[in-house]
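All residue numbers for the sequence shown refer to our numbering, where the first residue is 48 and numbers rise by one. Glycine residues also receive a C-beta, built at the ideal position from the N, C-alpha and C atoms. Worksheet: the structure to be examined is printed underneath.
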Amino acid sequence: MPAGSTDGARGIDDVVRRLRAIAAGLPPTDGVAVFNRMYLTVTEGVRTGLGGFADPSAVAELDVLFAGRYLLAVDAVAAGRRPPACWRPLFEQRADPEVHPLQFALAGMNAHIQHDLPLAVVDTCRRLDREPEQLEDDYHRINGLLAEVETAVREQLMPGPDVLERLEPMTHRIGAWSVGTAREAAWGSVRLLWGLRGQPSAARACATALDGAVGLLGRALLLPLGLREQSAVEAPATGTVGAVGTPAVEAAAVGPRPAGTPVAGLLPVARSRPATDGTRAGR
């Protein structure tokens with residue numbers, strides 16, 4: 048299993064610059080743009096809170112290798128090559144107007160967390176001569192930030208009540224997927240792949256099977272809804288939307304974000320259900 052590459056990126060700052068460049072080059076309606084904006088938010092949050100981790104150097108290395116897996120997929124598509132199977136559903140359907148923005152966000156998280164993350168953890172352990180258990184506490188500390196970002200995504204991109212009444216299958220599909228569950232499954236994959244590190248053929252077969260399985264789930268998450276009008280994405284917001292992503296994220300284990308970068312303000316905006324404070328997200 049080759050380690051991920053960030054196309055010249057040597058640290059989290061380079062990763063952030065690359066993610067910002069990708070965002071600047073994509074229209075807000077692009078499915079990859081929806082995921083990329085959310086992932087940029089997570090990466091900036093981890094960068095801000097590096098000092099709060101037990102092993103900052105390992106977390107920084109993991110963050111770069113983790114991002115590299117996504118960036119390799121972006122580069123492959125830009126060069127006319129096929130990305131890994133887990134990423135193909137998102138890249139193939141990125142322009143489908145009948146796929147809702149929330150589906151794009153979840154499909155991207157699904158590919159990156161359930162496939163790329165365990166491979167990145169294994170790569171990090173090999174490079175730094177660590178055992179997975181030495182990274183486990185810091186691995187789980189990121190869950191607070193990810194949970195807040197996932198909440199912001201759902202609050203901003205969830206269709207309004209009038210649409211949901213006609214989309215029960217979608218509600219069930221997206222409600223069954225969560226960052227916490229995906230990261231727990233990814234840690235199980237870490238243990239399996241690490242246990243196979245002395246058996247390269249078996250490890251490659253396991254990674255290939257994981258890639259395909261995650262890709263199949265991604266296709267299920269991206270089943271078209273047939274709602275062209277409701278899936279339109281507007282311009283990104285410039286500030287916090289509703290009550291999502293403010294005090295709770297500041298209290299996350301990774302530490303505070305830089306001033307002026309609320310989680311919700313960095314996510315793409317779509318027509319959505321009312322936010323918890325009575326305002327309407329995306330307006």
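Between the CA atoms of residue j and residue i - distance to the nearest angstrom
i, j, result
"valine 367", "glycine 96", "Missing from the structure shown is residue 367; the chain here goes from 48 to 330 and no further."
"valine 146", "alanine 152", "11 Å"
"glycine 58", "alanine 252", "30 Å"
"leucine 239", "glutamate 180", "13 Å"
"tyrosine 186", "glycine 227", "12 Å"
"threonine 171", "phenylalanine 138", "27 Å"
"glutamate 178", "valine 79", "33 Å"
"valine 280", "glutamate 202", "Since pLDDT at valine 280 reaches only 44, below the 50 mark, its modelled position is unreliable, and the value read off the structure follows with that caveat. Going by the C-alpha atoms only, they are around 14 Å apart."
"glycine 155", "serine 248", "28 Å"
"proline 131", "leucine 270", "19 Å"
"alanine 70", "arginine 64", "10 Å"
"tyrosine 86", "glycine 245", "33 Å"
"serine 225", "glutamate 195", "11 Å"
"arginine 141", "glycine 259", "19 Å"
"valine 62", "leucine 272", "33 Å"
"valine 81", "alanine 254", "26 Å"
"tryptophan 234", "glycine 99", "21 Å"
"leucine 182", "alanine 167", "12 Å"
"alanine 125", "glycine 72", "12 Å"
"valine 121", "alanine 250", "25 Å"
"aspartate 184", "alanine 101", "8 Å"
"proline 74", "glutamate 91", "21 Å"
"threonine 76", "valine 200", "15 Å"
"leucine 204", "alanine 123", "28 Å"
Proximal residues to residue i (C-beta, below 6 Å), its chain only, five neighbours per side dropped
i, result
"alanine 229", "Ile160 and Gln161"
"alanine 300", "Legend: pLDDT at alanine 300 = 33, less than 50; position of this residue unreliable, value from coordinates given subsequently. Here the set comprises Arg188 and Gly191."
"glutamate 197", "Val226"
"glutamine 150", "Leu268 and Leu269"
Per-residue DSSP class, three states only, for residue i
i, result
"alanine 199", "helix"
"phenylalanine 100", "coil"
"arginine 266", "helix"
"glutamine 161", "helix"
"aspartate 143", "coil"
"leucine 193", "helix"
"alanine 132", "coil"
"arginine 238", "helix"
"proline 247", "helix"
"leucine 272", "coil"
"proline 353", "Absent from the structure is residue 353, since the part of the chain shown begins at 48 and ends at 330."
The alpha helix (DSSP H) enclosing residue i, as first and last residue numbers
i, result
"glutamine 181", "179 to 188"
"glutamate 108", "103 to 125"
"isoleucine 69", "59 to 71"
"aspartate 170", "164 to 175"
"tryptophan 224", "Counting along the chain, tryptophan 224 falls outside any alpha helix (DSSP H), and DSSP gives it neither H nor E."
"arginine 135", "135 to 139"
"threonine 90", "78 to 95"
Close Cβ partners of residue i (< 8 Å) along its chain, the five nearest in sequence each way excluded
i, result
"arginine 135", "Arg129, Gly262 and Gly265"
"aspartate 163", "Gly51, Phe113, Arg116, Tyr117 and Cys133"
"valine 93", "Ile59, Val106, Asp110, Ile189, Leu192 and Val301"
"valine 169", "Met48, Pro179, Val237, Leu240, Trp241 and Arg244"
"proline 103", "Leu97"
"arginine 67", "Leu87"
"aspartate 143", "Gly78, Leu269 and Pro271"
Residues near residue i in its chain [Cβ-Cβ closer than 7 Å; skip 5 each side]
i, result
"serine 236", "Pro165 and Leu257"
"glutamate 108", "Thr171, Arg174 and Leu175"
"proline 232", "Checking the sequence shown, residue 232 turns out to be alanine, not proline. Closer than 7 Å at Cβ, skipping near neighbours: Gln161."
"alanine 158", "Cys133, Trp134, Leu137, Val261 and Gly265"
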